[in-house]
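Residue numbers (the UniProt record's numbering): 1 to 111.
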């Protein structure tokens, strides 16, 4: 056999055996993922707002608005997006509450 006939088979084998890249360290640690946007104290406050799962969504929103000044809410909302996208908040009630917190300020805006 000519040498070039074996090359595609070996190349395909090499591609198939390549390991997928490891997830970034931030994806494995919710504290590190969100700390790039908010401080650990702010993350603790945010998680405290979500602690009681049986609270109505309006109460969660009120607690969020009371905990974070208007000037900080966009930055905190970006951290919330990261927590949700990376599935670092796993409890369904907490995920829904965070989605409500993100949606509510913009509900009057046209899509």
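Each residue gets a CB set at the ideal place from its N, CA and C atoms; glycine is no exception.
The beta carbon of residue 95 is closer than 7 angstroms to those of 84 and 89 in its chain, skipping five residues each way along the sequence. Contact check for residue 45 against residue 67 passes: the beta carbons are separated by less than 8 angstroms. For the options 105, 40 and 97, the alpha carbon positioned closest to that of residue 52 is the one of 97. By the 16-neighbour rule on beta-carbons within 10 angstroms, residue 64 is buried. Between residue 60 and residue 76, the C-beta gap is not smaller than 8 angstroms, which leaves the two residues out of contact. Boundaries of the alpha helix (DSSP H) harbouring residue 97: 92–103, taken from the DSSP string.
Sorting 103, 93, 71 and 79 by C-alpha distance to the C-alpha of residue 55 places 93 at the top.
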